[in-house]
Structures are given as C-alpha cells and as structure tokens.
Amino acid sequence: MKRTSPDSPVALVTGAGRRLGRHIALALAGAGFDIVVHHNASAAGARRTVREVEMMEQRAFAVRGNIARKREVARFVRLAREKFGRIDVLVNNAAIFTEGTILDTTEDDFDTTLDINLKGMFLCSQAVAPIMLKQRKGEIVNIVSLGGLQPWSQHLPYSVAKAGAVMLTKCMAKSLAPDIRVNGIAPGTIIMEGEEDPSLRHVAVKGIPLKKYGSPSDITDLVVYLATAARYMTGQILVVDGGRSLLF
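For the sequence shown, the numbering used here begins at 17 and goes up steadily by one.
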C-alpha cells in the first residue's frame, strides 16, 4: 500500500460498499484520492471496496453508520478526520429506492425514505462542511435522481425525497460558497452488471433517445470531473439519462 502524504486528497463516499457507491469510490481512487468507505449494512462489501482501493495504491478504511442519525454521522466523520486529517470531497450517494403511490405508501415507508435519502444527505453535509470551510476548499457531490426532477408517481416517497435533495444542493451551494462547491448528479437508468435485482423494473430502452441504458462510468466520470476540475461550477444538477427526460 502506498504511503501517501498528509496532503493527499481524501474523499468520503457514503454507501460505498456496493453498487454505484463502490464504483464511485474506485473511480476517485483511480484519480488519486484516499477513500473513506462508508457503509451501514454492507460490511463485507465495504471491506471489498477497501481492498480494491488499496490494490490501486491508495489508502482506504471503512466506517459504519446510519446516515439518518446525527450522532452516528458525527462519529464516522470524526473517525475519517482522525485517520486522514482532512476531507476534500464528500459524495452523498447512500439511498434507498422505494415504491409506493399516494394511496398505498405507508407512513413508515415515507419517513424511512426521507430520513435516508434527504435527511442523511443533510446530516453528512452538515458534519463535513465545517472541516472543508476550515480548509477553505471542498467539493460536495450529491447523487440525486431523475426522479427528483420528474414526478415518479409509482415511487412517490423516493421522488419526493430526491426533489428535496435537488433543492438542498442549491441551498448548500449558495450558503457554502465560495470555499465549497456543491453540485448534484441526476442519473437515469444505470445498469450495474452482476449486481442487478432481477425483480427491478426498468423503463423500456426504446423510451430513451440514445436507445441504451447508462453504465456506472457515465456517473463516475462526472463525479471525478466535479471533484477535480469543475472549479467554476456550483449549485448545478447535471442530468445523465440518455435523453430520457426530453420525452417526459
């Protein structure tokens, strides 16, 4: 494992033990970041991400915590700072995808979805922002969703939470400038080869102007760009959906 200097950039990625979060962590490691691999229930996946980052000769360690609980967020952010001394990038990726309409969504499902997909994003950002302000630099990348820009009535709690995440991104960008940039990425249908739930229903590919689904690299390339090169961009929601939103 490479012994990087205390000035090496550090990224904290929530939900990095599986699916898109793991791909984001590995892409940032490939760009020269040391990685804080957050997880809640995916301990084995987090260990795998750590090993893969270390194979890329970057430092990594895993932290566990429920992002909807302020005390747990404060704990793993403190551990991250103690381990690496800094946090340069926060990627708010952790989320759950829930189904339900206005007629059949339960109160518990609504509360849980908003707690994780919106409140969790707020709490993680609130915990990391003072560190970045003290450094006088930082980037927060929020993984929102096309469902936060369109009314996905069959996924009401998810769509509502992600709509809140869009506005949270804009409010944070305005509040934290000029030292911290805050941007969001709104993916369309991204296929995770080998990790797909066979029961998950996707929009028909014929309904996408580019006639194909997205891949993790379509998102991770943009995360790396925002983390390393988007010096004159903040408060933006970047849609990566193959043109699907044009037909809504």
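Glycine included, each C-beta is placed from N, C-alpha and C at the ideal position.
In whole angstroms, what separates the C-alpha of residue i from that of residue j?
i	j	result
Arg80	Val26	17 Å
Pro167	Met249	27 Å
Leu184	Gly154	17 Å
Pro194	Gly116	39 Å
Ala145	Gly101	14 Å
Arg19	Ser175	Caution is warranted here: a pLDDT of 49 is assigned to Arg19, below 50, making its placement in the model unreliable, and no coordinate value can be reported.
Glu88	Ala246	31 Å
Met17	Val198	With a pLDDT of 42 at Met17, under the threshold of 50, the modelled position of this residue cannot be trusted, and the question is left open.
Ala269	Gln170	One cannot answer for residue 269 here, as it falls past the ends of the chain, which runs 17 to 264.
Ala45	Val69	6 Å
Gly210	Thr236	17 Å
Asp257	Met208	15 Å
Asp23	Asp104	10 Å
Met71	Asp50	12 Å
Gly48	Gln74	7 Å
Ala11	Leu42	The requested residue 11 does not occur in the structure, where the chain is confined to residues 17 to 264.
His54	Arg34	10 Å
Leu139	Ser191	15 Å
Leu238	Arg67	24 Å
Lys228	Leu162	16 Å
His218	Gly230	12 Å
Glu123	Lys86	21 Å
Lys186	Val240	20 Å
What is the C-beta distance between residue i and residue j, in whole angstroms, given that I count them as a contact (C-beta under 8 Å)?
i	j	result
Asn133	Ala181	7 Å
Arg260	Gly204	5 Å
Ile253	Val160	6 Å
Met148	Ile112	About 26 Å separates the two Cβ atoms, so there is no contact after all.
Asp127	Thr114	Rounded, the Cβ-Cβ distance is 11 Å, inconsistent with contact.
Thr244	Leu172	So it is not a contact: roughly 36 Å between Cβ atoms.
Could you pull out every residue in the same chain whose Cβ sits closer than 8 Å to the Cβ of residue i, ignoring the five residues on either side in sequence?
i	result
Asn56	Gly31, Arg80, Gly81, Asn82, Ile83 and Ala110
Leu226	Gly258 and Gly259
Asp234	Pro203, Ile206 and Val256
Gly223	Arg260 and Leu263
Apart from the five residues just before and just after residue i, which ones in its own chain have a Cβ nearer than 7 Å to its Cβ?
i	result
Ala177	Thr129, Leu130, Asn133 and Leu134
Arg38	Ala32, Gly61 and Thr65
Val93	Ala143 and Val144
Arg91	Gly81
Leu242	Glu155, Val157 and Asn199
Gln151	Arg102
Ser141	Leu106, Asn108, Ile156 and Met188
Pro232	Leu36, His39, Ile206 and Met208
Met14	Given that the chain is displayed from residue 17 to residue 264, the structure contains no residue 14 and the question cannot be resolved.
Arg63	Ala78
Lys99	Phe77
Ile118	Leu172
Need the endpoints of the alpha helix (DSSP H) that residue i sits in, please.
i	result
Glu115	From DSSP, Glu115 is part of no alpha helix (DSSP H); its letter is neither H nor E.
Ala243	Pro232 to Thr244
Pro194	Premise fails: Pro194 is in no alpha helix (DSSP H) and is neither H nor E.
Whose C-beta lies closer than 6 Å to the C-beta of residue i among residues of the same chain, with five residues either side of it excluded?
i	result
Leu263	none
Ala179	Gly164
Leu28	Val52, Ala96, Ile103 and Leu106
Gly251	Lys186 and Ala189
If you follow the beta strand (DSSP E) that residue i is in, where does it begin and where does it stop?
i	result
Ala76	Ala76 to Arg80
Val221	Careful: Val221 lies outside any beta strand (DSSP E) and carries neither H nor E.
Ala83	The sequence given here places Ile at residue 83; Ala does not occur at that position. Unbroken run through Ile83: none, as it is neither H nor E.
Leu262	It is not in any beta strand (DSSP E) - Leu262 carries neither H nor E in the DSSP assignment.
Notebook entry, point to check: Which ranges does the alpha helix (DSSP H) cover as unbroken runs of at least 4 residues, wholly within the region 25-65, from first to last along the chain?
Noted result: 35-46
Next item on the list: Please go through the region 101-168 and give each complete alpha helix (DSSP H) segment of 4 or more residues, from N-terminal end onward.
Entry: 123-130 and 136-151
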